[in-house]
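Q:
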Amino acid sequence: MTGMSFTPRGYGGYRRQPDQVKRDGWKEQGLLAVSLDDDRLTWPERELVRQLGERLYGKRKQETHNG
């Protein structure tokens, strides 16, 4: 026997980029993962995300203010 002829699930193969995982989660399951630091968002959009996060999950333990 010369070895395995396949790669077990989770070992090797193609690994999706984080943005692709987020995109697939949104398109396939309606899940949204958003970073407050995402440069593609405007300030009002970031604020909306922050408010939604606090409403659903409570305040963050450590908040950083970059302004």
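Going by the working numbering, the first residue of the sequence shown is number 692, and it counts up by one from there. By construction, the Cβ of each residue, glycine as well, lies at the ideal position given by its N, Cα and C atoms. Keep in mind that this is a model prediction, so the values were computed, not measured.
Please report the residue range of the alpha helix (DSSP H) in which Val712 lies.
A: 709 to 720 is the extent of the alpha helix (DSSP H) around Val712.
Q: Please say whether Arg741 and Leu727 have beta carbons closer to each other than 7 Å?
A: Cβ distance < 7 Å, so Leu727 and Arg741 count as in contact.
Q: Using only CA atoms, which one of Trp734, Gly744, Thr698 lies nearest to Ala724?
A: Among Trp734, Gly744, Thr698, the Cα nearest to that of Ala724 belongs to Gly744.
Q: With DSSP collapsed to three states, give me the class of Gln742.
A: Correct three-state label for Gln742: helix.
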